[in-house]
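**Q**
Chains as they are written, first to last, in this note's numbering: chain A, 377 to 817; chain B, 377 to 817.
1. Determine, for residue 418 of chain A, whether the minimum Cβ-Cβ distance to residues of chain B falls below 8 angstroms.
2. Is residue 791 of chain A helix, strand or coil when you go by DSSP?
3. Just mark residue 377 of chain B as buried or exposed, buried being the case when its beta carbon has 16 or more other beta carbons within 10 Å.
4. Residues in its own chain within less than 6 angstroms of residue 468 of chain B by CB, not counting five upstream and five downstream?
5. Of all the options A/768, A/650, A/710 and A/664, which has the alpha carbon lying nearest to the alpha carbon of residue 681 of chain B?
6. Using C-beta distances below 7 angstroms, list every residue in its chain close to residue 645 of chain A, excluding the 5 sequence neighbours before and after it, in chain order.
7. Could you pull the DSSP bridge partners for residue 699 of chain B from this structure?
8. Is the CB-CB distance between residue 678 of chain B and residue 665 of chain B below 8 angstroms?
9. Do the CB positions of residue 498 of chain A and residue 655 of chain B come within less than 8 angstroms of each other?
10. By alpha-carbon positions, which one of B/749, B/788, B/500 and B/796 ends up nearest to residue 543 of chain B?
11. Among A/597, A/727 and A/590, which has the Cα closest to the Cα of residue 317 of chain B?
12. When the distance is taken between beta carbons, is residue 747 of chain B closer than 8 angstroms to residue 373 of chain B?
13. I want to verify the contact list: residues of chain A whose CB lies under 9 angstroms from the CB of residue 700 of chain B, in sequence order.
14. Inspect the beta-carbon positions of residue 496 of chain A and residue 599 of chain A and report whether they are closer than 8 angstroms.
15. Is the segment 604 to 619 of chain A touching the segment 704 to 712 of chain A, taking contact as three or more C-beta pairs under 8 angstroms?
16. Give the list of continuous beta strand (DSSP E) stretches no shorter than 3 residues that lie fully inside the segment 474 to 507 of chain B.
17. Measure from the C-beta of residue 566 of chain B to each C-beta in chain A and report whether the shortest distance is under 8 angstroms.
18. Could you tell me the distance, in whole angstroms, from the CA atom of residue 643 of chain A to the CA atom of residue 628 of chain B?
19. Please list, in chain order, the residues of the segment 778 to 799 of chain B that have any C-beta partner in chain A closer than 7 angstroms.
20. Cβ atoms of residue 538 of chain A and residue 558 of chain A: under 8 angstroms apart, would you say?
21. Going by beta carbon distance, what residues of the same chain come within less than 7 angstroms of residue 398 of chain A, once the five residues before and after it are set aside?
22. With a cut-off of 8 angstroms, do at least 3 Cβ pairs link the segment 469 to 487 of chain A to the segment 409 to 425 of chain B?
23. Quick one: what does DSSP say residue 763 of chain A is sitting in, helix, strand or coil?
24. When you compare only the Cα positions, how much space is there between residue 560 of chain A and residue 569 of chain A?
25. Roughly how many whole angstroms lie between the Cα atoms of residue 504 of chain A and residue 593 of chain A?
26. Based on the DSSP secondary-structure assignment, which residues constitute the bridge partners of residue 457 of chain A?
27. If we call anything under 8 angstroms between Cβ atoms a contact, is residue 473 of chain A one with residue 447 of chain A?
28. Give me the subset of the segment 424 to 436 of chain A whose CB atoms are less than 9 angstroms from a CB atom of chain B, sorted by chain position.
29. Whether or not the segment 807 to 816 of chain B and the segment 772 to 791 of chain B are in contact is what I'm after, with contact meaning three or more pairs of Cβ atoms, one per stretch, closer than 8 angstroms; do they touch?
30. Would you give the residue range spanned by the alpha helix (DSSP H) that residue 799 of chain A belongs to?
31. Hey, out of B/566, B/805 and B/720, whose CA is closest to residue 426 of chain B's CA?
32. Taking C-beta pairs closer than 8 angstroms, name the residues in chain A that residue 381 of chain B reaches, listed in chain order.
33. Please tell me whether residue 607 of chain B and residue 492 of chain B are closer than 8 angstroms, where the distance is taken between their beta carbons.
34. Specify the secondary structure class of residue 609 of chain A as computed by DSSP and reduced to three states.
35. State the beta-bridge partners of residue 438 of chain A as determined by DSSP.
36. Distance cutoff 8 angstroms, beta carbons only. Does residue 599 of chain B sit that close to anything in chain A?
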């Protein structure tokens, strides 16, 4: 690699020019360019469309697209599309799905669908004045955004509520307009942000025209207007339940009672220990994000909302809960999630569109229920592995294949390695040693 | 779509068979199959390798791969590879990078590199007995895993410390072995988990052989052994700083002083309001995850660690901080991050390998500093947009292109639409109306 230089006007270059510029720093620019181009979609029209999702795009990153079959969710069977680069996640989801499909499947419901947006503003004035005018202000906000909300209202959503929140205890003269929205089947970011920005303009005008207020009260400083990715009222719950004896074959060394008791302790630990909670929840997101990505939704939004929810009681904690009573174990996940099945990339990205079709074109609520169930499935599998054979047994088999590929192992060498490592610990050096010895024979 | 059936032995099918099975439910199976295949990599060997990263893989999901140029980080210029499906993120990173490259760039350092792993166990016994044997137990744990740690030690890492933590106040008879590790340039999950599972075996044997302990104390129940994705001691800090007058052209309507004061308030709000904090941090992760994905790392791990860190003081809060003093504004991000530049997919995924080469083959510490700086850059851009023109102005332009593509707009129609929407609000219906009217003329 040569030393990178300051580049002026990069965004103005054509894709080919960008590509040449980027690869010019490589020791072998032609080869670097060739590699990038092999990742272009073969259909120029689709490639162009993919490029327009983002900026300065020179190629695509491929993430494996796999299928977890046999997900029984609210009595409906699904083949779940999962986009994930990590080994074992799809296998874990599939194994969990199979087990639970034999025990009634996932029971799931959307608790509520309201999303939050805020206009943050600074106003130096007599709070009483604001309180007295609150109802009038709200009316103007609703009226002044009617032209923006009417389409959403036709689809069954719209603006739900507006509150004026006094935050002056936290920061001098700081208030919020806190609004809630139902965006039906769209993720809703553009809808909410457009309305909030209009709110900001209306708010400014509203203060300006209060002629009976003192001069300095007739102005407010809007700091920003934006939706929140924390959506505790856009919430989905999913659960599985089985009699204790259903767990009798989960492990050769554990009785059903012992398995369930150990499972319960593992979940309790994730509820009280922050270090464990983060990893426990990461297992939930492995499944959720794979569905979120596959359907063209925004996993950063889902992660931010879910993890914030996990810390809502003052200590970061497990998103799942376990209950053992009447001879049954109930395992559940409650998580906020803002997803869309219309708008955004959902119909523009051919693979997102394919995923939604594979899921029988769900609406946003259905997709929330599906994604949450896959998250619970993955977490269940992870906890089950951890309390039985350990996480490495499955993981290491995939790891072994990755190392073998890295070493350019042949089919024959791979078969021998799988046999050899059945009872041995996989590490790069141990695999390398084996392959070297096979090759020197 | 036909109704999906229970599938037995799906994982045992060949890729072609899986593909036929999945598409058989579609109204037009041949067309569905064709679409999936267009997303295969054209080089069969590369396609096979991508498939082996995960399970039940039938094709790839394409995420746009873009470049944010002009990142000056610790006096070194970088072209940053970013893998992200969301519009405006790469443009925002690039714009932030350009501004800060003219003001000294990003100054960043890795605070510490230790990762945490735990063996969680239940032991019913006299704590004094355990305390008295703690030193001996630790010696046996270190000694008994020497064969697993020696390679990592040669690379400069290894096992750093082991503590026995009494958690019995939280859950009856619950203890932890809490170990810290330095995994140098590997993300380290396999290394840490392999050692922890060995710890679990050693622990079990250790209790069994304490012949002077009462019978019931000679057994412990290991619940699980696993690394933590919460890595507050694997921590990176990045910051930018400029004199206040540097911000004089950030907005036509704001003086430099006013801009800085508004910026500070926006960050304070993200520090005290949970709804804002989640979204503020989401902006950080937009940048970080794009680099994490581009380099073949695990974004769920990074998200879990970062968000947990954001809640460490009992209230979920901003990961960034702002300081204004001596006529300067300093803006910083401190975030835990466990990344690898060797092992995992880093050299196996051709595009991950390309990304690392583009970044001049950084070690893990350097990659942490790069990713954190991109995260700060994206967050800076988002806050800057929010406090000036609003987030929708930039976002809506990209949104407009997505809608235009959806409507199959021609180049000419696109140009007219861009002109038309310069001063108007973009919505699906307004764009549809315009295109319809253009076409009916």
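No residue lacks a Cβ here, since even glycine has one placed at the ideal position from N, Cα and C.
**A** So, from the listed chains and residues:
1. yes
2. helix
3. exposed
4. 754 and 757
5. A/650
6. 652
7. B/706
8. yes
9. no
10. B/500
11. Past the edges of chain B, shown from 377 to 817, lies residue 317 of chain B, and the structure says nothing about it.
12. For residue 373 of chain B there is no data in the structure shown, the boundaries of chain B being 377 and 817.
13. Within 9 angstroms Cβ-Cβ: nothing; residue 700 of chain B doesn't reach chain A, min ~15 angstroms.
14. yes
15. yes
16. 483 to 489 and 491 to 498
17. yes
18. 54 angstroms
19. 778, 781 and 782
20. no
21. 434
22. no
23. helix
24. 15 angstroms
25. 12 angstroms
26. A/443
27. yes
28. 424, 425, 426, 427, 428, 429, 430, 431, 432, 433, 434, 435 and 436
29. yes
30. Looking at the DSSP string, residue 799 of chain A is not in any alpha helix (DSSP H), and its letter there is neither H nor E.
31. B/720
32. 453
33. yes
34. coil
35. B/438
36. yes
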